[in-house]
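Undergrad:
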Amino acid sequence: MYIKKSIERVSNFIEVGNEREAMMLLRDLEANVVRYDFEIMGDGFNKFAEIYVSQKNRKKAIEMYQKAILYYREVGNQEKVSQVSRNFENLIL
1 MYIKKSIERV SNFIEVGNER EAMMLLRDLE ANVVRYDFEI MGDGFNKFAE
51 IYVSQKNRKK AIEMYQKAIL YYREVGNQEK VSQVSRNFEN LIL
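Quick note: the sequence shown uses full-length UniProt numbering, first residue 1, plus one each step.
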């Protein structure tokens with residue numbers, strides 16, 4: 001529950017342009033994540049990437065897609081890895 005609510009808060013900060021607060025909360029969230037939360041974190045980073053893509057912030061979107069892929073790989077979710085990888089490739093091409 002803590003992880004999901006924090007992801008929502010980070011998303012809200014990103015959407016309103018409060019990058020500094022979003023990144024501070026995100027660092028705190030990453031520091032407190034445990035293995036069973038990795039899939040939730042992957043979903044969160046994927047969501048952050050989509051927000052950044054919609055805001056045309058390519059650099060941040062790339063960073064968030066990379067983190068999502070890392071978290072999904074950690075739990076062995078190959079379906080999500082391939083889906084996010086396609087989005088990542090479309091962004092960088």
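Glycine included, every Cβ here is placed at the ideal spot set by N, Cα and C.
This one's a predicted model, so the numbers in the text were calculated from it and none came from an experiment.
Rounded to whole angstroms, what is the Cα-Cα separation between S82 and R73?
TA: So the alpha carbons of these two residues sit roughly 10 Å apart.
Undergrad: How far does the alpha helix (DSSP H) with D43 in it extend, from its first residue to its last?
TA: Here the alpha helix (DSSP H) through D43 covers F38 to S54.
Undergrad: Any C-beta of chain C sitting closer than 7 Å to the C-beta of N46?
TA: Although the question refers to chain C, the structure presented lacks it and comprises just one protein chain.
Undergrad: Would you mind stating whether A61 and F45 have Cβ atoms separated by less than 7 Å?
TA: Cβ atoms of A61 and F45: not closer than 7 Å.
Undergrad: Thinking just about the alpha-carbon of each residue, which of E63, R58 and M24 is nearest to the one in S6?
TA: With distances taken between Cα atoms, S6 lies closest to M24.
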